[in-house]
Amino acid sequence: MNHPNYPAILEEIHRDIAPWRTAGRVADYIPELARVPAERFGMAIVTLDGSVYSVGDAYERFSIQSISKLFACTLAFQLLGDALWERVGREPSGTAFNSLVQLETERGKPRNPFINAGALVVTDVLCRRFVGAETALVQFVRRLTGAADLDYDLRVAQSELAHAERNRAMAHFIASFGNLEMPADAVIDAYCRQCAIEMNCVELATAALFLANGGVAPVSGERVLDASSAKRLSALMLTCGTYDAAGDFVYRVGLPAKSGVGGGIVAVLPGEMAVCVWSPGLDANGNSLAGVKSLEWLTTRTGQSIF
Ligand code: DON
-3 MNHPNYPAIL EEIHRDIAPW RTAGRVADYI PELARVPAER FGMAIVTLDG
47 SVYSVGDAYE RFSIQSISKL FACTLAFQLL GDALWERVGR EPSGTAFNSL
97 VQLETERGKP RNPFINAGAL VVTDVLCRRF VGAETALVQF VRRLTGAADL
147 DYDLRVAQSE LAHAERNRAM AHFIASFGNL EMPADAVIDA YCRQCAIEMN
197 CVELATAALF LANGGVAPVS GERVLDASSA KRLSALMLTC GTYDAAGDFV
247 YRVGLPAKSG VGGGIVAVLP GEMAVCVWSP GLDANGNSLA GVKSLEWLTT
297 RTGQSIF
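Take the sequence shown: its letter number 146 is residue 142 in this note's numbering, and every next letter is one higher.
And the structure:
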């Protein structure tokens, strides 16, 4: 395959992003996340032919937070297929990732699987099927990456569990409409644990590669999704993966992506590669500020995007 000069472009981005690395705000509503040094920055590209290009702190693990929603949704979609969409929608919400407002008028059916409300329904699907939903998810990302030591950080999970009033309210509210099958507290527990999974940029890009590869994970050879479902999940990432900033993100970056408040963003370019960037400082929408900027520079400087 003929790639752009990824090493040179990554080096340039690493150099140019320096002033932006501390411009965002590290998430502190989960106290354990506030301890992460703001100036960290890593970026990794993994191509379908197995090449890995990285700069900065690309091998340092961080809390994947909402990026776990991508892997959880993949498993739930595997389990339920289109029946998943009877319980969670496929429309951008236009509201914050932790908003409750639409749930009332839309009778407990969250807009999409990537906002917190939707992820709680997805986690409910996994809790119904697996004894430990978070363990199923950890095993899934281990298979996708080949990294057998991947796990969640119990301290981060407990830190979130101790401050999860809003997500708890959301889960109980959804349950009041009959859209949870398992007890709300069990769903919250699994959800906070899966958000606390720790991975690095290379691992996250590797894990997302099945979406760039028609649904087959290159590391394990596992068919994760059929090609059509992989297309659909990528489409959802494009419209909903970066919350109420999804329109601006797609305008600037032009790739399907999923972000997390740990400062990670993973994006895919079908047929070519997956990329992950990490910088803990967030913008007002909860997306990594330097991360979005770096991805914008990447697609502009390589001339590669889905458009
Ligand atoms: O539920 C929460 O608030 C966090 N565990 C995850 C939120 C998140 O990562 C939103 N992403 N930008």
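C-beta atoms are modelled at their ideal positions from N, C-alpha and C, and glycine is treated no differently.
Keep in mind it's a predicted model, so treat the numbers as computed, not measured.
To the nearest angstrom, how far is the alpha carbon of residue i from that of residue j?
i, j, result
"E268", "S284", "24 Å"
"F93", "S216", "32 Å"
"F304", "T101", "What the structure shows of the chain is the stretch from -3 to 303, and residue 304 is not part of that stretch, so it cannot be assessed."
"E28", "M195", "16 Å"
"V246", "A180", "34 Å"
"Y148", "A231", "28 Å"
"F110", "T235", "10 Å"
"D24", "A158", "13 Å"
"A54", "R31", "19 Å"
"D45", "A165", "45 Å"
"E56", "R36", "9 Å"
"R17", "V273", "12 Å"
"L251", "R86", "18 Å"
"G128", "D12", "43 Å"
"K289", "A14", "11 Å"
"A226", "V48", "22 Å"
"P229", "A253", "In the sequence under discussion, the amino acid at residue 229 is Leu, which differs from the Pro named in the question. Each residue's alpha carbon lies about 10 Å from the other."
"F73", "E218", "15 Å"
"L96", "A113", "8 Å"
When every heavy atom of ligand 1 is checked, does at least one fall within less than 6 Å of the C-beta of residue i?
i, result
"G259", "no"
"F93", "yes"
"Q190", "no"
"Q61", "yes"
"S89", "no"
"N163", "yes"
"S290", "no"
"G277", "no"
"S255", "yes"
"G308", "Outside the shown range of the chain, which is -3 to 303, sits residue 308, and nothing can be said about it."
"N108", "no"
"N1", "no"
"N(-2)", "no"
"N209", "no"
"N196", "no"
"N175", "no"
Once you ignore the five residues that flank residue i on each side, which residues in its own chain have a CB closer than 6 Å to its CB?
i, result
"A270", "V42, A201, A204, L205, A208 and V264"
"F173", "R103 and G104"
"A143", "E199"
"S62", "G256"
"T296", "none"
"L140", "A203 and A213"
Identify, in the order they occur along the chain, each residue of the same chain with its Cβ nearer than 8 Å to the Cβ of residue i, setting aside the five sequence neighbours on each side.
i, result
"A132", "L71, L122, R125 and F126"
"T298", "P0, Y2 and I5"
In chain order, what residues of the same chain have a beta carbon less than 7 Å from the beta carbon of residue i, not counting five sequence neighbours either side?
i, result
"S64", "L133, Q190, C191 and I193"
"L294", "I5, I9 and V271"
"N175", "R83, G104, K105 and V117"
"H(-1)", "T43"
"A115", "K65, A68, P109 and Y187"
"T76", "According to the sequence displayed, residue 76 carries Leu and not Thr. Result list for L76: V121, in chain order."
"Q310", "With the chain represented from -3 up to 303, any question about residue 310 goes unanswered, as that position is not in the structure."
"V183", "L116, T119, D120, C123, A167 and L176"
Would residue i pass as a contact of residue j if the rule is Cβ separation under 7 Å?
i, j, result
"G90", "D240", "yes"
"G287", "S275", "yes"
"C197", "G20", "no"
"G277", "V51", "no"
"A223", "G237", "no"
"V137", "L150", "no"
Of all the alpha helix (DSSP H) runs that stay within the bounds of the stretch 17 to 104, which reach a length of 4 or more residues?
64 to 76 and 97 to 101
Quick check for students: name the residue ranges of the alpha helix (DSSP H) that lie wholly in the stretch 207 to 295, counting only runs of 4 or more.
223 to 236 and 242 to 248
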